[in-house]
């Protein structure tokens, strides 16, 4: 018993290892990002970065920083963010800087099908981009196919909004697509059992020579 007490006394005299001091600094929670670009966006990401630096134990990886961003972004499910969101869900590493670059310059696929399909996809992306109307109009016009883009430029219209530009592009696209999809001339039987020849639709034909 005396030996046990002596051992416990010896253990009590051994200094305990210093405990890590908890971070006493408390930062205000970042405000949800409202899709506004410029100074507001820079302030939002500055606040996020401040959290990652102040609480490094909470955000030890690049992916955890991206996840913190998503938690304060109402449009986290936007098309441009899907690749990063899936990587976070799959616990894959994500480069935070690459994420920020793509956030500031999200890509919108150019027109590959009809003008209507491109316009619908563009509008879906543009709602999450939040850019002003002037750069959006430039981006929309540059994404059009060359022939539609030329028709928009040749209209000589001073577009005041993205909506008016899209209306003109849709009109030009319908005209161009209508010409492309026009039925070829019909094959009608020529008189006297001759081989078929091409006769435009609506052109009058006779079984015999007309009499004057």
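In the UniProt record's numbering, the protein residues as written are 1 to 212. Glycine residues also receive a C-beta, built at the ideal position from the N, C-alpha and C atoms.
Pair within 8 angstroms by beta-carbon distance, residue i and residue j
i	j	result
residue 150	residue 119	no
residue 85	residue 70	yes
residue 65	residue 33	no
residue 137	residue 155	no
residue 30	residue 47	yes
residue 45	residue 52	no
residue 172	residue 148	yes
Where residue i falls: helix, strand or coil (DSSP)
i	result
residue 115	helix
residue 29	coil
residue 108	coil
residue 218	Residue 218 lies beyond the stretch modelled for the chain, which goes from 1 to 212, so this question has no answer here.
residue 85	helix
residue 73	coil
residue 216	Any answer about residue 216 is impossible in this case: the structure gives the chain only from 1 up to 212.
residue 100	helix
residue 156	coil
Residue i to residue j span [Cα, whole Å]
i	j	result
residue 153	residue 115	15 angstroms
residue 175	residue 110	20 angstroms
residue 213	residue 180	Limits of the chain in this structure are 1 at one end and 212 at the other, which puts residue 213 out of reach.
residue 43	residue 133	22 angstroms
residue 142	residue 27	43 angstroms
residue 121	residue 92	28 angstroms
residue 63	residue 89	10 angstroms
residue 72	residue 87	18 angstroms
residue 98	residue 163	32 angstroms
residue 217	residue 166	Because the chain spans 1 through 212 in this model, residue 217 falls outside it and cannot be assessed.
residue 157	residue 139	17 angstroms
residue 102	residue 54	25 angstroms
residue 123	residue 108	10 angstroms
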